[in-house]
Amino acid sequence: MARITTSELIATVADEHSWRSWDTPATGERASGTYAEELAKATTASGATESIVTGSILVEGQQCAVIAGNFDFLAGSIGRESADRILSALDRATSLGLPLLGLPTSGGIRMQEGTPTFLLMAAIAGAVKRHRDAGLPYLVYLRHPTTGGVFASWGSLGDITHGQPGALVGFLGPRVSQGLTGAEIPQDVQTSEGLAAAGVIDAVLAPADWRDEVAAILGVWRVRAELRPQSWDWARTTASMPAIRIPEESADDEDFGAWECVLRSRDPERPGLAELLTELGDSVELFGTHAGEVGQTVRLFLTRLGGVGCVLVGQDRGRELDGSQVTPADLRLARRAMRLANRWHLPLVTVIDTQGAELSERAEAGALAGEIARCLADMADLTVPVVSLLLGGGGGGAALALLPGDRVVGASDAWLSPLPPEGAALIKHRDASRAEEMAMSQSITARDLQAISAVDVVVNSPMAADGPGASQSQRLAAILDALATEITALASKDVDLGARAGRWLNLKP
81 MARITTSELI ATVADEHSWR SWDTPATGER ASGTYAEELA KATTASGATE SIVTGSILVE
141 GQQCAVIAGN FDFLAGSIGR ESADRILSAL DRATSLGLPL LGLPTSGGIR MQEGTPTFLL
201 MAAIAGAVKR HRDAGLPYLV YLRHPTTGGV FASWGSLGDI THGQPGALVG FLGPRVSQGL
261 TGAEIPQDVQ TSEGLAAAGV IDAVLAPADW RDEVAAILGV WRVRAELRPQ SWDWARTTAS
321 MPAIRIPEES ADDEDFGAWE CVLRSRDPER PGLAELLTEL GDSVELFGTH AGEVGQTVRL
381 FLTRLGGVGC VLVGQDRGRE LDGSQVTPAD LRLARRAMRL ANRWHLPLVT VIDTQGAELS
441 ERAEAGALAG EIARCLADMA DLTVPVVSLL LGGGGGGAAL ALLPGDRVVG ASDAWLSPLP
501 PEGAALIKHR DASRAEEMAM SQSITARDLQ AISAVDVVVN SPMAADGPGA SQSQRLAAIL
561 DALATEITAL ASKDVDLGAR AGRWLNLKP
């Protein structure tokens with residue numbers, strides 16, 4: 081596997097002539113004896129004085145801080161002076177309010193320095209956390225090879241992480257791992273491709289493609305709104321509850337019965353999230369939970385609505401048609417979206433369109449119920465605007481997990497129920513064939529939900545009354561316009577966590 085040098089990568093990613101170094105020459109003053117000789121030889125061989133390079137670049141005009149490994153200097157190993165460079169660059173990027181690009185390549189901690197330097201990985205992780213807590217993007221590109229303490233600290237803390245094609249990436253390199261355990265790790269595991277397939281990183285991209293991805297990501301982050309959250313403490317007392325809101329008039333007259341809504345949501349030709357994103361245009365899809373899981377039906381995007389950057393997470397009905405259902409990993413991916421929106425101060429848009437969660441031993445052992453609960457809890461105190469779109473099916477807890485926003489838009493033939501109607505019929509009548517009867521009795525349609533103030537605006541279905549047709553694009557565009565209207569209206573106001581809590585406490589009977 082060919083390594084890409086730091087200078088080559090920076091030249092590929094940066095706008096021309098935009099590189100500015102932040103480094104001063106390392107002195108090696110703490111080294112002596114054989115180690116001092118090794119440092120001197122590394123400097124002569126590499127032309128560098130340490131294994132870390134820091135500075136700033138422009139990417140499509142956006143200034144970014146850079147921390148990059150230099151494998152040519154003692155295999156990119158981290159010593160005290162290179163750790164100091166990392167810490168200094170992190171603090172500088174945070175104080176300047178700059179996005180940070182991490183470009184690690186390293187064999188890990190410098191064994192010549194031992195435990196004192198090893199402990200600095202904790203300090204580096206803390207500095208990355210402070211940068212992220214400041215609402216600043218940290219984007220990582222894992223190069224060949226990245227292993228050891230570097231991968232287990234600043235190499236694994238990116239908001240979004242990509243890998244160089246074919247790169248060796250892992251906790252311990254294969255030679256050391258086999259020497260310690262006597263067993264080989266399969267070759268395809270410790271690679272960028274293996275980690276992407278497992279949901280540890282987002283994707284594998286060539287350097288030139290990564291530049292385009294960085295530009296697109298920062299383009300969304302740059303147009304974030306100024307958001308000012310308000311406390312929700314008042315919501316603990318009924319005395320301060322807001323008055324019940326009057327449902328808004330819909331701009332259309334489409335009206336479907338409950339069972340018809342259920343059947344329409346199951347039509348294989350019905351447009352869903354994929355078609356909505358195609359109509360929306362430029363979006364950046366992110367993948368995986370970064371904890372070794374990939375979503376089956378939930379997808380995560382960075383995009384813009386009404387000119388405002390936002391995080392969009394939704395259920396893809398097309399994947400359900402292929403046999404997948406909402407899993408605990410899907411809900412953990414949704415929670416990643418919530419955390420990212422909160423950190424980057426971007427509004428969150430959720431899209432609900434599912435017939436229900438996976439019912440299996442695997443789902444139960446994976447904490448399906450707990451992940452539904454944690455989604456609801458996370459959404460309750462997000463300090464950014466949340467707009468939810470009930471696009472089609474709303475089967476049970478998997479649908480509810482993405483619903484409770486500040487504003488809810490519903491398609492005219494969308495529905496939401498505690499269980500798919502067949503499940504409700506089994507509970508009440510022990511007879512799934514009475515599903516239609518249950519659907520008619522449970523107030524499940526978007527218009528039913530609008531009547532109790534659970535849905536704010538009802539828009540035309542993405543599918544015409546007589547099935548798919550030429551009007552699909554216009555219908556999807558109208559849904560996007562409704563979402564954009566809600567996002568831009570909320571982005572101009574304070575984020576009122578009390579009102580968010582109050583709306584779900586104070587629904588009409």
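Just add 80 to the spot in the sequence shown (first one is 1) and you have the numbering used here.
Yeah, the Cβ is synthetic: ideal placement off N, Cα and C, and Gly gets one too.
Does the count of Cβ pairs from the region 465-483 and the region 561-574 closer than 8 Å reach three?
yes
Where Ala545 and Thr407 are concerned, what is the direct C-alpha to C-alpha distance, given to the nearest angstrom?
For the purposes of this step, residue 545 is taken as the residue at position 465 of the sequence shown. For the purposes of this step, residue 407 is taken as the residue at position 327 of the sequence shown. Roughly 31 Å separates the two Cα atoms.
Closest by CA to Leu275, which one among Gln258, Arg291, Val249, Val294?
Working through the sequence shown from its first residue, we reach residue 275 at position 195. Taking only the C-alpha atoms, the option nearest Leu275 is Val249.
From Ala505, Ile432, Glu88, Arg487, residue whose alpha carbon lies closest to that of Gly477:
Stepping through the sequence shown from its first residue, residue 477 is reached at position 397. If we check each option's Cα against that of Gly477, Ile432 comes out closest.
Only counting the same chain, and skipping five residues up and downstream in sequence, which positions put a Cβ closer than 7 Å to that of Leu587?
Within the sequence shown, residue 587 is the residue found at index 507, counting from 1. For Leu587, where only same-chain residues beyond five positions count, the Cβ hits under 7 Å are Ile532, Ser533, Ala534.
Is it buried or exposed for His97, if we count other Cβ within 10 angstroms and need 16 for buried?
Along the sequence shown, read from residue 1 onward, the residue named residue 97 stands at position 17. So His97 ends up on the exposed side.
Would DSSP call Gly141 helix, strand or coil?
Numbered from 1 along the sequence shown, position 61 holds the residue referred to as residue 141. Coil.
Are Gly403 and Gly352 touching if we call contact CB-CB under 9 Å?
On the sequence shown, position 323 is the one that residue 403 refers to. On the sequence shown, position 272 is the one that residue 352 refers to. Not in contact: Gly403 and Gly352 (Cβ atoms no closer than 9 Å).
Between which two residues does the alpha helix (DSSP H) containing Asp458 stretch?
Here residue 458 refers to the residue found at position 378 when the sequence shown is read from its first residue. Unbroken alpha helix (DSSP H) run through Asp458: 448-460.
Contact set for Ile137: own chain, Cβ-Cβ below 8 Å, skip 5 residues either direction:
Counting from 1 along the sequence shown, the entry for residue 137 is found at position 57. The residues are Ile90, Val93, Ala94, Asp95, Ser98, Trp99, Arg100, Gln143, Cys144, Val146, Leu181.
Whole angstroms are fine: how far does the CA of Phe367 sit from the CA of Gln405?
Taking the sequence shown and counting its residues from 1, the one referred to as residue 405 is at position 325. Taking the sequence shown and counting its residues from 1, the one referred to as residue 367 is at position 287. Using only the alpha carbons, I get a separation of about 17 Å.
Apart from the five residues just before and just after Val294, which ones in its own chain have a Cβ nearer than 8 Å to its Cβ?
As a first step, residue 294 is located in the sequence shown; it is residue number 214 there, counting from the start. So the qualifying residues of the chain are Val93, Val139, Cys144, Leu181, Leu219.
DSSP beta-bridge partners of Ser101
Here residue 101 is taken as the residue at index 21 of the sequence shown, counted from 1. Bridge partners of Ser101: Gly135.
In the DSSP assignment, what are the bridge partners of Phe153?
Walking along the sequence shown from the start, residue 153 turns up at place 73. Answer is none; Phe153 lacks a bridge partner.
Buried or exposed by the 16-neighbour rule on C-beta atoms within 10 Å, applied to Ala417:
Sequence index remark: in the sequence shown, residue 417 carries index 337 (1-based). With 16 or more other Cβ atoms within 10 Å, it is buried.
Pro196 and Leu298 look like a contact to me (Cβ under 8 Å); what is the Cβ gap, rounded to whole Å?
Along the sequence shown, one-based indexing puts residue 196 at 116. Along the sequence shown, one-based indexing puts residue 298 at 218. Rounded, the Cβ-Cβ distance is 36 Å, inconsistent with contact.
Report yes if the CB atom of Leu496 is closer than 9 Å to the CB atom of Ile524, and no otherwise.
As a first step, residue 496 is located in the sequence shown; it is residue number 416 there, counting from the start. As a first step, residue 524 is located in the sequence shown; it is residue number 444 there, counting from the start. Yes, the pair counts as a contact, with Cβ atoms nearer than the cut-off.
Selected residue, minimal CA-CA separation from Trp301, among Ala278, Asp536, Ile240:
Within the sequence shown, numbered from 1, the residue matching residue 301 stands at position 221. The candidate whose alpha carbon is nearest that of Trp301 is Ile240.
Does the region 409-426 come close enough to the region 362-376 that 3 or more CB-CB pairs lie under 8 Å?
yes
Could you check the C-alpha separation between Val488 and Glu438 for me, to the nearest Å?
Counted from its first residue, the sequence shown places residue 488 at position 408. Counted from its first residue, the sequence shown places residue 438 at position 358. Those two C-alpha atoms are separated by around 25 Å.
Suppose the cutoff is 7 Å on Cβ atoms and the five residues either side in sequence are ignored; what does the same chain contact list for Trp584 look like?
As a working note, residue 584 is residue 504 in the sequence shown. Closer than 7 Å at the Cβ level, and outside the excluded window around Trp584, lie Pro484.
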